[in-house]
């Protein structure tokens, strides 16, 4: 089949290139016009997951409650802190008028406190209020001086029903020192950074307040801010790495191959494949998420490698054949290994479909498809471009492609002499044994020493860093303020939630939470009001019925008349409407459901305390949800995905190698090469201070997929033409170097998770290169000790080497 493809490409190169360009233009148009950007991190979680369905139901009932948190450290002066809060609230109100913010929670105003009076008063206070209802109504209407009885009633009731003027209450965590403001920013999920505009505007307003109030510290944090900063940092890191690595690889390509034209043709074919990938992503998935945008770096780091083998083999063949024949010979020689390697690499990504993590599944589809399209482009478009390149150096005329025999020679059976086991083996004895061994054996043993040395780190290789805060840039102000918030109150920005249909259920949930050590406190509507009873409802109705017509604002109201009017309005309102605006949406939904919030007493950024907290909450209410629940389950899903995909990748690449070689010896050798490189990587990572984490965990399956590509190319060449094995080894070394550069460019990333991905992939690529380019050739090229009569033909040369 590959011979037919080679004949077609060299016979119709212009048609191949034009078709590829047209399809690339269509793919690029689809990507620009139809590929949707989804910046909602909740979209990374599969919608069919039960915990996500619970969370979506909560969001549908209560709406968007994910707000930014503005923290003010008064530095010992509450008055200064309150002045700063007032200034911030005034600035935020201007943003609310511009629809940049949907809700602000800064303080509870006196009017709101009075509206809540008939709901929050204890039974005695409520009874006094009901008894004084006629006087309160008269005061509200401005009639306190109209009749002596009213005046006396007012005098009697004022000390209980309207005792004193009230001041604003500023939001603060119980026991904490920081003042807090919560604001719900506008979100645009059609962009990868949906909070950028709103958070940028908030930051600008806070900068103005800082200038006017230098005596306090003002910070901005909360999930939307942390997410926005992470997206911005990661996207910038990814863009710099993708562009920078492509430039560096292209320059290195030009230097290694001592020319400009062929490397640029490979880059052109890669660009066409990238355009195809955007079109395929539009058709297959329809959107790009924060995680699936990584696919471009995958293509730069791995997809371009397929072109290296084609260009390298073409240069080798061009010294012997005319241009068209050189293209055909190169494609026949390198095509099978390229396709097999691409299938192996792509299969690793497609295996993500077997996981429960939706974002990883979409990345698998896009990246796996992209790698296959890159391989197709490199065995069709690139050969066609080489055929049209006009490079006429070499033998003139057209020479038929020689058919190279590919003998299938059995792996040698090496007899192991039986020797008596010594009582002890000293290091000097071991070194003497290696030195006295045949040169090929001692070289092989010495080549394995680095592998064995790296394996010493394996016991420490399987720790897993799941703290997302530790993966972000330590220079971010939002990260520093999140830590300050935790120091002030561990559960200030984290809470799980239960929905309840009645206040009695709310009370029961709060009582149960008091016995859980992982729960610091709860908040609900019962934090502000008393549990309602028929008797309380009747007393409140007396206050509400004190007037028979709607109250109107007085022309010259007094503090007493305003308070009286607000008390009656609150008694007439529903509980939700009577609640202060700053906390209303977090306590009662528009549909009348109540919310109980559970705040952790532990550091919920760490997985073990987070698991303890979520378990405590679920013992109280199995249907409880919230960010802690979704985050814990996402962490578990990702770690399970890592384990599952890693094992499935090993099985997949082994099967692919078997279908390619159809020999168990070659299959096991290829798989062993990959596993040795991955084992070296895992052993080196703890020595270099690199932990597996939520950003780099997929590096191991990727190395398995990419490593099989190198092993397949080298084994194919060793079976085809052992005399030219060194050429393929150099090409494989170069591709491993480009992969290391492609991903290793992330070592300059600010995002610590991305930096760890770059380090893991860079180190892993070099380890896999060492095993494939040093150890594997030593295992392959074994000079037969038996004489042969095969002569000097290629078949005879191959026969003298016992290859898998």
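Numbering (this note's numbering), first residue to last: 2 to 805. The beta-carbon is built from N, C-alpha and C at its ideal position, and this holds for glycine as well.
Per DSSP, cross-strand counterpart(s) of residue i
i, result
"residue 694", "466"
"residue 289", "38"
"residue 589", "595"
"residue 500", "596"
"residue 701", "Beta-bridge pairing links residue 701 to no other residue."
"residue 458", "Answer is none; residue 458 lacks a bridge partner."
"residue 184", "69, 105"
"residue 221", "71"
"residue 471", "Answer is none; residue 471 lacks a bridge partner."
"residue 520", "601"
Helix, strand or coil at residue i [DSSP, three-state]
i, result
"residue 596", "strand"
"residue 835", "Nothing about residue 835 can be read from this structure; the chain reaches only from 2 to 805."
"residue 358", "coil"
"residue 558", "coil"
"residue 412", "Residue placement at residue 412 is flagged as unreliable, the pLDDT there being 35, under the threshold of 50; the coordinate-derived value follows with that caveat. Three-state DSSP puts residue 412 in coil, outside helix and strand."
"residue 64", "coil"
"residue 9", "helix"
"residue 566", "helix"
"residue 338", "helix"
"residue 483", "helix"
"residue 534", "coil"
"residue 197", "helix"
"residue 178", "coil"
"residue 529", "coil"
"residue 55", "helix"
"residue 148", "Since pLDDT at residue 148 reaches only 46, below the 50 mark, its modelled position is unreliable, and the value read off the structure follows with that caveat. In this structure, residue 148 counts as coil in the three-state DSSP scheme."
"residue 515", "coil"
"residue 110", "coil"
"residue 50", "coil"
"residue 123", "coil"
Delimiting residues of the beta strand (DSSP E) encompassing residue i
i, result
"residue 104", "102-106"
"residue 172", "Unbroken run through residue 172: none, as it is neither H nor E."
"residue 134", "Careful: residue 134 lies outside any beta strand (DSSP E), inside the alpha helix (DSSP H) at 134-141."
Alpha-carbon spacing of residue i relative to residue j, whole angstroms
i, j, result
"residue 755", "residue 460", "24 Å"
"residue 27", "residue 279", "9 Å"
"residue 620", "residue 657", "47 Å"
"residue 49", "residue 631", "13 Å"
"residue 346", "residue 304", "10 Å"
"residue 242", "residue 306", "17 Å"
"residue 215", "residue 82", "11 Å"
"residue 196", "residue 224", "11 Å"
"residue 719", "residue 726", "6 Å"
"residue 687", "residue 210", "46 Å"
"residue 388", "residue 334", "16 Å"
"residue 32", "residue 233", "21 Å"
"residue 246", "residue 317", "26 Å"
"residue 51", "residue 680", "36 Å"
"residue 497", "residue 577", "21 Å"
"residue 491", "residue 639", "26 Å"
"residue 360", "residue 340", "27 Å"
"residue 685", "residue 705", "16 Å"
"residue 71", "residue 645", "41 Å"
"residue 600", "residue 514", "10 Å"
CB-CB length for residue i against residue j, believed under 8 Å
i, j, result
"residue 221", "residue 69", "6 Å"
"residue 489", "residue 179", "5 Å"
"residue 695", "residue 467", "6 Å"
"residue 819", "residue 730", "Coverage of the chain is limited to positions 2 through 805, which leaves residue 819 absent and any answer about it impossible."
"residue 102", "residue 199", "7 Å"
"residue 540", "residue 121", "In fact, because the Cβ distance is near 13 Å, the residues do not count as touching under 8 Å."
"residue 386", "residue 276", "In fact, because the Cβ distance is near 15 Å, the residues do not count as touching under 8 Å."
"residue 370", "residue 642", "Not confirmed; about 19 Å, so no contact."
"residue 309", "residue 736", "5 Å"
"residue 586", "residue 510", "Contact doesn't hold; Cβ gap of about 19 Å is too wide."
"residue 374", "residue 365", "The Cβ separation is near 15 Å, so there is no contact."
"residue 615", "residue 596", "Contact doesn't hold; Cβ gap of about 17 Å is too wide."
For residue i, the first and last residue of its enclosing alpha helix (DSSP H)
i, result
"residue 636", "628-662"
"residue 752", "It is not in any alpha helix (DSSP H) - residue 752 carries neither H nor E in the DSSP assignment."
"residue 214", "No alpha helix (DSSP H) holds residue 214; DSSP gives it neither H nor E."
Contact test: residue i Cβ vs the ligand ADP heavy atom, cutoff 8 Å
i, result
"residue 627", "Looking at this structure, you won't find the ligand ADP or any other ligand, since it has none at all."
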